[in-house]
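Undergrad: Numbering (full-length UniProt numbering), first residue to last: 1 to 373. Ideal Cβ placement from N, Cα and C applies to all residues, glycine included. This is the structure, below, for whatever I ask next.
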Ligand SMILES: NC(=O)c1ccc[n+]([C@@H]2O[C@H](COP(=O)([O-])OP(=O)(O)OC[C@H]3O[C@@H](n4cnc5c(N)ncnc54)[C@H](O)[C@@H]3O)[C@@H](O)[C@H]2O)c1
Ligand SMILES: C[C@@H](O)[C@H](N)C(=O)O
């Protein structure tokens with residue numbers, strides 16, 4: 001296809017997908033000839049070969065954490081194995097490496113990331129790299145670099161190459177002065193962790209690039225995510241995954257949050273499905289670019305009671321981690337996700353009893369397989 005046709009289709013896609021509905025005229029970055037990084041107006045736009053009938057070409061950054069491998073699996077089912085590239089700075093396990101394309105990508109290396117996007121004709125980018133709340137407090141300079149500088153690289157590359165960009169935010173983007181029960185989409189956001197500050201920054205920068213440059217930025221604020229086959233990366237909600245493993249292995253669980261600490265949570269399948277759904281939603285359906293999504297809220301005590309229905313002998317003790325407790329006490333207790341439900345039909349499948357049953361059936365079959373081997 002001639003380049004001129006490609007570019008004009010890209011521009012019209014970009015204009016259609018801007019969908020801000022705010023009455024402000026959008027000038028895509030490429031039309032004004034100066035990108036946020038001062039890239040020449042004729043540089044590297046040939047990656048735009050994705051039309052509505054094609055599958056997107058996907059890159060996932062930070063893909064070896066709790067969520068990325070599951071996301072790759074879901075997207076590969078929809079778009080084909082070779083259209084979804086998982087990336088990280090860590091070495092993948094054999095089963096991950098052999099399940100589809102994997103590439104080394106450090107989001108702090110702008111040129112490396114740009115080369116990957118260009119050479120692989122990427123059209124959709126899921127930006128999962130981050131340091132989570134607890135590990136972020138333990139290493140603020142690194143969290144600031146990965147979560148803020150890394151995001152800047154991703155935003156610029158996405159704007160230059162006309163990508164559809166998904167960046168997850170979190171319940172951690174709210175703070176002690178936000179309304180906590182429930183927390184709406186739009187309210188005061190003054191988080192007190194570097195993680196939360198960087199996520200508010202990501203929400204605002206993504207929306208700014210959308211309105212300023214027409215970037216197709218989409219963002220969901222995830223609750224704490226619970227998964228059976230992947231480990232959390234150092235957050236405040238990690239206890240809600242660990243309890244299942246300890247219940248199965250030792251029958252004893254020591255919780256690092258107080259028994260009555262209520263936080264929004266979600267099963268990983270709901271989270272990843274929501275992510276795909278918001279990326280596939282028509283731009284005109286999105287009245288906002290950053291949405292809360294919700295499924296359930298519970299306290300450690302309530303989770304333990306539900307777990308004890310499956311493992312009655314489980315003993316739970318509490319040894320509160322002051323850092324995590326202070327973080328949890330500043331976060332939403334319940335999330336108001338009415339806008340996501342109204343705009344693009346978000347609906348969760350898993351509530352607390354279903355989550356617990358699903359976790360045990362997964363871990364149970366997993367441990368039976370391990371014992372048999
Ligand atoms: N898991 C949750 O409960 C949850 C909840 C809300 C939001 N989120 C968000 O979802 C995303 C994925 O979360 P997760 O739980 O999988 O995180 P994780 O901590 O498990 O994984 C993050 C990954 O980022 C990678 N990374 C670190 N520095 C990097 C760099 N310089 N370049 C490239 N990759 C780098 C790490 O190696 C790691 O594999 C994050 O942005 C997180 O903030 C997660
Ligand atoms: C909530 C979420 O962002 C992450 N699991 C954390 O606790 O930091």
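Count the CB pairs spanning the region 117–129 and the region 144–159 that are closer than 8 angstroms, and state whether there are at least three.
TA: yes
Undergrad: Start and end of the beta strand (DSSP E) containing residue 292?
TA: Translated into positions along the chain shown, residue 292 becomes position 292. In the DSSP assignment, residue 292 falls within the beta strand (DSSP E) that extends over 290–292.
Undergrad: Any heavy atom of ligand 1 closer than 7 angstroms to the beta-carbon of residue 200?
TA: To locate residue 200, count along the chain shown from 1; it is residue 200. No, Cβ of residue 200 sits at least 7 angstroms from all heavy atoms of ligand 1.
Undergrad: Please classify residue 376: is it buried, with 16 or more other beta-carbons within 10 angstroms of its beta-carbon, or exposed?
TA: Limits of the chain in this structure are 1 at one end and 373 at the other, which puts residue 376 out of reach.
Undergrad: Using the C-alpha atoms, what's the distance from residue 306 back to residue 353?
TA: To locate residue 353, count along the chain shown from 1; it is residue 353. To locate residue 306, count along the chain shown from 1; it is residue 306. One C-alpha to the other measures close to 7 angstroms.
Undergrad: Quick check on the DSSP output: what are the complete beta strand (DSSP E) runs of length 3 or more inside the region 275–321, in order along the chain?
TA: As far as the region 275–321 is concerned, its whole beta strand (DSSP E) runs of at least 3 residues are 290–292, 296–298, 315–318.
Undergrad: Where do the N-terminal and C-terminal ends of the alpha helix (DSSP H) with residue 213 fall, by residue?
TA: Residue numbering aside, residue 213 sits at position 213 when the chain shown is read from its first letter. Segment 194–213, the alpha helix (DSSP H) holding residue 213.
Undergrad: Give me whichever residues DSSP pairs with residue 125 in a beta bridge.
TA: Position 125 of the chain shown, counted from the start, is the residue given in the question as residue 125. Residue 125 pairs with 59, 165.
Undergrad: Less than 7 angstroms between the CB of residue 136 and some heavy atom of ligand 1, yes or no?
TA: Looking up residue 136 in the chain shown gives position 136. Flag unset: Cβ of residue 136 not near ligand 1.
Undergrad: Ligand 2 and residue 171: does any heavy atom of the ligand fall closer than 7 angstroms to the residue's C-beta?
TA: The residue given as residue 171 occupies position 171 in the chain shown. Residue 171: yes, Cβ under 7 angstroms from ligand 2.
Undergrad: Are residue 148 and residue 59 close, meaning C-beta to C-beta below 8 angstroms?
TA: Within the chain shown, numbered from 1, the residue matching residue 148 stands at position 148. Within the chain shown, numbered from 1, the residue matching residue 59 stands at position 59. No. Outside cutoff.
Undergrad: Any idea if residue 130 is buried or exposed, counting beta-carbon neighbours within 10 angstroms, 16 or more meaning buried?
TA: Sequence index remark: in the chain shown, residue 130 carries index 130 (1-based). Looking at its Cβ environment, which holds 16 or more other Cβ atoms inside 10 Å, residue 130 is buried.
Undergrad: Could you check whether the Cβ of residue 232 sits closer than 7 angstroms to any heavy atom belonging to ligand 1?
TA: Here the question's residue 232 lines up with position 232 in the chain shown. Answer for residue 232: yes, Cβ within range of ligand 1.
Undergrad: Within the continuous beta strand (DSSP E) that includes residue 88, where are the two ends?
TA: Here residue 88 refers to the residue found at position 88 when the chain shown is read from its first residue. Per DSSP, residue 88 belongs to the beta strand (DSSP E) from 84–88.
Undergrad: Is residue 85 near residue 104, with beta carbons less than 8 angstroms apart?
TA: Position 85 of the chain shown, counting from 1, holds the residue named residue 85. Position 104 of the chain shown, counting from 1, holds the residue named residue 104. No; because the gap between Cβ atoms is not below 8 angstroms, this pair is not in contact.
Undergrad: Taking a contact to mean a Cβ-Cβ separation below 8 angstroms, would you say residue 181 touches residue 292 in this structure?
TA: Taking the chain shown and counting its residues from 1, the one referred to as residue 181 is at position 181. Taking the chain shown and counting its residues from 1, the one referred to as residue 292 is at position 292. Residue 292 sits away from residue 181, with the two beta carbons spaced by 8 angstroms or more.
Undergrad: Give the secondary structure of residue 104 by DSSP, where H, G and I count as helix, E and B as strand, and everything else as coil.
TA: Position 104 of the chain shown, counted from the first residue, corresponds to residue 104. Looking at residue 104 - three-state DSSP - the assignment turns out to be strand.
Undergrad: In the DSSP output, what is residue 265 paired with across the bridge?
TA: Counting from 1 along the chain shown, the entry for residue 265 is found at position 265. 224, 296.
Undergrad: Are three or more beta carbon pairs between the region 199–206 and the region 133–141 nearer than 8 angstroms?
TA: The region 199–206 is not in contact with the region 133–141.
Undergrad: Sort 339, 230, 235 by Cα distance to residue 220 and report the nearest one.
TA: Locating residue 220 in the chain shown gives position 220, where the first residue counts as 1. Measuring C-alpha to C-alpha distances from residue 220 to each of 339, 230, 235 identifies 339 as the nearest.
Undergrad: For residue 300, which residues of its own chain have a beta-carbon under 7 angstroms away from its beta-carbon, when the five flanking residues on both sides are left out?
TA: Here residue 300 refers to the residue found at position 300 of the chain shown. 239, 255, 257, 259, 261.
Undergrad: Among all the DSSP beta bridges, which residues are the ones paired with residue 216?
TA: The sequence position of residue 216 within the chain shown is 216, counting from 1. DSSP lists 164 as partners of residue 216.
Undergrad: Going by C-alpha distance, which of 224, 270, 167, 106 is nearest residue 198?
TA: As a position in the chain shown, residue 198 is number 198, starting the count at 1. The shortest Cα separation from residue 198 among 224, 270, 167, 106 belongs to 167.
Undergrad: Below 8 angstroms on the Cβ atoms is my guess for residue 337 versus residue 346; work out the distance and round it to an integer in Å.
TA: To locate residue 337, count along the chain shown from 1; it is residue 337. To locate residue 346, count along the chain shown from 1; it is residue 346. Rounded, the Cβ-Cβ distance is 6 angstroms, consistent with contact.
Undergrad: Classify residue 347 as helix, strand or coil using the three-state DSSP reduction.
TA: Start at 1 with the first residue of the chain shown, and residue 347 comes out as number 347. Note: residue 347 maps to coil in three-state DSSP.
Undergrad: From residue 102 to residue 114, what does the alpha carbon distance come to, in whole angstroms?
TA: Mapped onto the chain shown, residue 102 falls at position 102. Mapped onto the chain shown, residue 114 falls at position 114. Taking the straight line from one Cα to the other gives about 16 angstroms.
Undergrad: Exposed or buried, what is residue 267 when buried is set at 16 or more other beta-carbons lying within 10 Å of its beta-carbon?
TA: Taking the first residue of the chain shown as position 1, residue 267 is located at position 267. Classification of residue 267: buried, given that the 10 Å Cβ count is 16 or more.
Undergrad: At a cut-off of 7 angstroms, would you count residue 245 as near ligand 4, judging by its Cβ distance to the nearest heavy atom?
TA: Judged by which ligands are present, ligand 4 is missing from the structure shown, whose ligands are ligand 1 and ligand 2.
Undergrad: Under the criterion of a Cβ to heavy atom distance below 7 angstroms, does residue 195 qualify as lining ligand 2?
TA: The count along the chain shown starts at 1 and reaches residue 195 at position 195. Yes, ligand 2 has a heavy atom inside 7 angstroms of this Cβ.
Undergrad: Just to confirm the assignment, what range does the beta strand (DSSP E) spanning residue 253 have?
TA: Walking along the chain shown from the start, residue 253 turns up at place 253. First-last of the beta strand (DSSP E) with residue 253: 252–255.
Undergrad: How is residue 236 classed by DSSP in three states: helix, strand or coil?
TA: Taking the chain shown and counting its residues from 1, the one referred to as residue 236 is at position 236. DSSP places residue 236 in coil when its eight states are reduced to three.
Undergrad: According to DSSP, is residue 358 part of a helix, a strand, or is it coil?
TA: Walking along the chain shown from the start, residue 358 turns up at place 358. In this structure, residue 358 counts as helix in the three-state DSSP scheme.
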